[in-house]
Amino acid sequence: MTSEPSLAMFRGTPRFRGLLPVGQYYWPTWERYEQAARDIFLRRFYTSQRFAGPLVIRFQQQLQEFLGVKHVVAVRNAASALMIVTHSLGLRGKVIVPSWASMTTIQSLRWSKCQPVFCDIDPQSQQICLESLRQLLGRGEIEGILGVHLWGNALPVRELEMLAAQYGVALYQDASHAFGCRVNDKAIGTFGRAEAFSFHAANILSTAEGGCITTNDDALAAHCTAMRGDHVSAQVWMQSATARMSEIQAAIGLMMLDDFEQNRERNGQLHRSYERYLSDIPGITILKPSGATVSNFQNFVGVIDPSKFGLTRDNLLAVLQAENIAAERHFHSPGHLAEPYPERLENTEFAMQRTFQLPIGARVTIEQIEQICEVISEAYRHSEFVRSVLTARAVG
Amino acid sequence: MIGLPQFALFGGKPLFAQAKPTGNLYRPNIERFLGYSRLFYRNKRYTDEGDLCRMLERRLAEFHAVERVACANSGFWGHVLTMSALALPGRSEIIAPAFGYRRTDDMIAWAGYVPHFCDVDPETLAVGVNTVKAALNERTALILAAHPMVNCCDAQGIEDLGREYGIPVVFDSVEAAYRAYNGRRIGGFGDAEVFSMHSTKLLNAFEGGYVTTNNTNLAKRLDGIKRYASADMRAAEDDKPLDMALNEMHAAMALASLDEVDEQVVLHRRKYDCYVAGLLDIDGLKIVEHKESERPDYRLIVVRIGDAWPLSRDRTLRLLEAENILARPYYTPLNHRSAEYYRVCPDLPVTEAIFRDFIVLPSGTHVSEEDIGKIIDILTIIGLNGSELNSCWKTE
Chain Z
1 MTSEPSLAMF
11 RGTPRFRGLL
21 PVGQYYWPTW
31 ERYEQAARDI
41 FLRRFYTSQR
51 FAGPLVIRFQ
61 QQLQEFLGVK
71 HVVAVRNAAS
81 ALMIVTHSLG
91 LRGKVIVPSW
101 ASMTTIQSLR
111 WSKCQPVFCD
121 IDPQSQQICL
131 ESLRQLLGRG
141 EIEGILGVHL
151 WGNALPVREL
161 EMLAAQYGVA
171 LYQDASHAFG
181 CRVNDKAIGT
191 FGRAEAFSFH
201 AANILSTAEG
211 GCITTNDDAL
221 AAHCTAMRGD
231 HVSAQVWMQS
241 ATARMSEIQA
251 AIGLMMLDDF
261 EQNRERNGQL
271 HRSYERYLSD
281 IPGITILKPS
291 GATVSNFQNF
301 VGVIDPSKFG
311 LTRDNLLAVL
321 QAENIAAERH
331 FHSPGHLAEP
341 YPERLENTEF
351 AMQRTFQLPI
361 GARVTIEQIE
371 QICEVISEAY
381 RHSEFVRSVL
391 TARAVG
Chain V
1001 MIGLPQFALF
1011 GGKPLFAQAK
1021 PTGNLYRPNI
1031 ERFLGYSRLF
1041 YRNKRYTDEG
1051 DLCRMLERRL
1061 AEFHAVERVA
1071 CANSGFWGHV
1081 LTMSALALPG
1091 RSEIIAPAFG
1101 YRRTDDMIAW
1111 AGYVPHFCDV
1121 DPETLAVGVN
1131 TVKAALNERT
1141 ALILAAHPMV
1151 NCCDAQGIED
1161 LGREYGIPVV
1171 FDSVEAAYRA
1181 YNGRRIGGFG
1191 DAEVFSMHST
1201 KLLNAFEGGY
1211 VTTNNTNLAK
1221 RLDGIKRYAS
1231 ADMRAAEDDK
1241 PLDMALNEMH
1251 AAMALASLDE
1261 VDEQVVLHRR
1271 KYDCYVAGLL
1281 DIDGLKIVEH
1291 KESERPDYRL
1301 IVVRIGDAWP
1311 LSRDRTLRLL
1321 EAENILARPY
1331 YTPLNHRSAE
1341 YYRVCPDLPV
1351 TEAIFRDFIV
1361 LPSGTHVSEE
1371 DIGKIIDILT
1381 IIGLNGSELN
1391 SCWKTE
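Sequence lines, in order, name chains Z and V.
Residues 1 to 396 (our numbering) are what the first sequence spells out, left to right.
Residues 1001 to 1396 (our numbering) are what the second sequence spells out, left to right.
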């Protein structure tokens, strides 16, 4: 054990020259990309005009098979997927959503003229807290529940479906983190009335920017497709949300779908490396997979106990960022704190202060993970010194 | 049917094996597209408005001679975000022509306002100072003035009107990207102008759009609204964030198209000249001329149907469609369709009087000068056989 910490925040030279990002960023090789682009230029079919293009149709079909769902409606981004589903479900009033969710999720409700009602989370899994949900449902006036599958894990889908049925409200999920996750024999994408995926590059299945809606409901799928803005002469009254996916987005999606299993395995290896190196450090709890029987391991999430680790989460993030490790809090601010909201959500506020994400995906190697964990270990061993320096800096 | 040529509508072989659309579908040089794509391959940033997006914004600002450009993933959402940022607080209506883009009222509805339709000027086919003035009232929050498919609306007059009444003016300049009015480039009028880069437009980005403005504060706000999720950005207090960023593949395509825009216009000019010469000899069809003084791109071919033309617009379009000539109506008045939300629909005498008189003929990359010759020929034949064709309909 060295007495002199080798941390960049003291020495000034970061351990990594380039930034190690949080986020998956899997992407096809140049050769595959070039071939796909040449094919599209040859066909001269760039995006849907009167009807969806051949690659979008193929992408949707392959997703349907992969997920075991009747309909997939591919769209340009995650925000559009959520807004289209919300609107198509006919929701215009109060919708329950966990406060521990991205701003995109919460804003999708506001843009759809719905009012978010914030629900707390379970302290262990960080998924929606069923007790909190039940209380909110009991107050009445609720039209829907927008669940969020967090961190490559799954919501307690069975219980949610039962609650939704009991109270007669529409249940749908933001499945941005959960592509390829399964609960027993069923894939995420098949639960509730509908689910919305994000194919933003930070997720395991990327189309650069993009998303899709999955549902087994024929009428809902037709409504979503019409809102997407394909040729909709039969339904001219439909409010368009212009969200067509382009052919090149679909081309990337098809390639990433081919690579899915390989990328998931790599995520799993990286995940296990973190677990191996971090398990002995006091005050760090690794968020255990919950709900899903198959995870995509796309997020590596830890929860810090400052009394045992010796540093706060933000202290640790400062140490990591000095090394060019873009560790993140992920959610800038939970929904209920971003506005005047009358209620406290204790578990959410606890998670907000203690949760952090570490890099996992295409842009980080096992060797680099070993180094990241060394940094964390060193920060623990020198926590008093780190704290005093950070405090002095804050005062200075 | 002795003597009548075999029209496809009545069982003959279609004139074109491949459909001839009105959309541009411009195909830039693939090597150029791949060259730009290499830049994002190098820095591994696929979305979240990376280097290509920034480069495109700078290049478009030069192209339109404006201070700032903000990219969006479509013209549609560019419009929604701009209206939502600029509309006067406490007021409810946005004025827009009914004789325009078929989703204008949907955009206004997403922005959270009530569409108030106004009439058009019979000369320009676009909104004019008087038609906007007739719709102005104490509820007016913003004026959305659209340029017509050919030439410009009175951009200066409408800009002045907005200033006089203290009402923000946004131009829908989707079809007017290349043009100038009174020697000033389109892009710099009003508070902002919005453009589309859907593959059917002058610039093909697969899908995409952008907002031009000389108001740097507005540009900053739009950046905050779109990029709220990035570390260095926040949406302004009263702005509603919404992720509608342009991805880097689409930005690469836009840059490749922009590089070739002047060459493209030369090609459109030649095709336009073919139409002008050909239509000169057809009684009852008159081309809407592109004004040299307004720096036209000569891309869209709009034709006015006169009294001497023997068939109705709809019969003419059906005959052409069967031949795979995808001519279409100039706009269908928006107050003719029903919508899920409230709209103010006053009497629009000019729109009602003229909307059936205009059609758009195929043009763009998929239409060669030889194709135009064939289209002129079939129009000539239709014109000469009008009464027989009308009698076919009677016996149909």
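C-beta atoms are modelled at their ideal positions from N, C-alpha and C, and glycine is treated no differently.
Computed from a predicted model, the values in this text were never measured in an experiment.
>> Using 8 Å as the cut-off, can you tell me whether the stretch 1192-1204 of chain V makes contact with the stretch 1022-1031 of chain V, which would need three or more C-beta pairs spanning the two stretches below that distance?
In response: yes
Point to revise | beta strand (DSSP E) segment containing Z/His271, residue limits | key: Careful: Z/His271 lies outside any beta strand (DSSP E), inside the alpha helix (DSSP H) at 260-278.
Fill in: Entirely enclosed beta strand (DSSP E) segments - the stretch 78-128 of chain Z, minimum 3 residues
94-98, 115-119
message: Can you tell me where the alpha helix (DSSP H) holding V/Val1350 begins and where it ends?
response: 1349-1354
Nearest chain Z C-beta to V/Leu1242 closer than 8 Å, yes or no?
-> yes
Report task. Put Z/Ala234 into one of helix, strand or coil per three-state DSSP. Result -> Because Z/Ala234 sits at a pLDDT of 47, beneath the cut-off of 50, its placement in the model cannot be relied upon, and the following sentence gives the value as read from the coordinates. Note: Z/Ala234 maps to helix in three-state DSSP.
For V/Ala1245, decide whether its Cβ has a neighbour in chain Z, counting only Cβ atoms nearer than 8 Å.
yes
Does Z/Tyr25 come within less than 8 Å of chain V when only Cβ atoms are used? yes
- Message: Quick check on Z/Ala164: buried or exposed, where buried means 16 or more other Cβ atoms within 10 Å of its Cβ?
- Response: buried
- [ ] Measuring alpha carbon to alpha carbon, tell me which of V/Ala1134, V/Cys1071, V/Glu1164, V/Gly1100 ends up nearest V/Val1150.
- [x] V/Gly1100
inquiry  = For a cutoff of 8 Å on Cβ pairs, would you count V/Trp1393 as touching chain Z?
reply    = no
Near the ligand NAP: V/Phe1195 beta-carbon under 7 Å from a heavy atom: Looking at this structure, you won't find the ligand NAP or any other ligand, since it has none at all.
Review point. At what residues does the beta strand (DSSP E) containing V/Lys1286 begin and finish?
Key: 1285-1287
>> Please confirm whether Z/Thr391 has its beta-carbon closer than 8 Å to some beta-carbon of chain V.
In response: Answer no: the Cβ-Cβ gap between Z/Thr391 and chain V never drops below 8 Å.
key: Three-state class that DSSP yields for Z/Thr391 in the structure shown   = helix
Within chain V, the residues that Z/Arg44 reaches when beta carbons sit closer than 8 Å:
For Z/Arg44, the chain V residues whose Cβ falls inside 8 Å of its Cβ are Leu1025, Arg1027, Thr1365, His1366, in order along the chain.
Neighbourhood of V/Leu1326 by C-beta distance below 7 Å, restricted to the same chain and skipping five residues each side: Cβ neighbours of V/Leu1326 beyond the five flanking positions: Ala1019, Lys1020, Pro1021, Thr1022, Pro1362.
Under 8 Å, CB to CB, which of the residues in the stretch 1011-1024 of chain V have a partner in chain C?
Considering every chain present, this structure includes no chain C. Its protein chains are Z and V.
Quick one: Cα of Z/Arg182 to Cα of Z/Ile121, how far?
21 Å
Which two residues bound the contiguous beta strand (DSSP E) that contains V/Ser1084? Element bounds for V/Ser1084: not the beta strand (DSSP E) but the alpha helix (DSSP H), 1075-1086.
Handout entry: Assigned exposure category for Z/Thr86 - 16 Cβ within 10 Å defines buried
Key = buried
Taking the alpha carbon of V/Pro1192 as the reference point, which residue from V/Asn1217, V/Asn1182, V/Glu1207 has its own alpha carbon closest? Reading off the sequence, residue 1192 of chain V comes out as Ala, not Pro. The candidate whose alpha carbon is nearest that of V/Ala1192 is V/Asn1217.
Next on the checklist: Checking the sheet assignment: what are the DSSP bridge partners for V/Tyr1341?
Outcome noted: Partner(s): none; V/Tyr1341 has no beta bridge.
| message | Just to make sure I have the definition right: I need the residues of chain Z whose C-beta is within less than 9 Å of the C-beta of V/Met1083. Which are they? | response | Within chain Z, no residue has its CB atom less than 9 Å from the CB of V/Met1083, the nearest being about 13 Å off.
Would you decide whether V/Val1266 is buried or exposed? Buried here means 16 or more other CB atoms lie within 10 Å of its CB. exposed
Across the stretch 252-262 of chain Z and the stretch 27-40 of chain Z, are there enough close Cβ pairs to call them in contact, namely three or more that are closer than 8 Å? Verdict: yes, contact present.
Z/Leu20 (DSSP reduced to helix, strand or coil): In the structure shown, Z/Leu20 falls within a strand segment according to DSSP collapsed to helix, strand and coil.
*So is V/Met1055 in contact with chain Z if we call contact Cβ pairs under 8 Å?*
no
- What are the boundary residues of the beta strand (DSSP E) that includes Z/Pro54? No beta strand (DSSP E) holds Z/Pro54; the alpha helix (DSSP H) holding it covers 54-67.
### Task
Would you mind telling me which residues of chain Z sit closer than 8 Å to V/Leu1034, beta carbon to beta carbon, in chain order?
Within chain Z, the residues near V/Leu1034 are Glu34, Ala37.
message: Which of the three DSSP states is assigned to Z/His71 in this structure?
response: Three-state DSSP puts Z/His71 in a strand.
Notebook entry, point to check: Closest Cβ-Cβ distance between Z/Asn77 and chain V: below 8 Å?
Noted result: Chain V contact via Cβ: present.
Pick helix, strand or coil for V/Ala1146, following the three-state DSSP scheme.
strand
Notebook entry, point to check: Since V/Arg1304 is in the beta strand (DSSP E), which residue starts that stretch and which ends it?
Noted result: 1301-1305 is the extent of the beta strand (DSSP E) around V/Arg1304.
Output yes or no for whether 8 Å exceeds the beta carbon distance between V/Ser1092 and V/Arg1139.
-> Cβ distance < 8 Å, so V/Ser1092 and V/Arg1139 count as in contact.
What residue does the beta strand (DSSP E) around Z/Ser307 start on, and which one ends it?
Per DSSP, Z/Ser307 belongs to no beta strand (DSSP E); it is in the alpha helix (DSSP H), 306-309.
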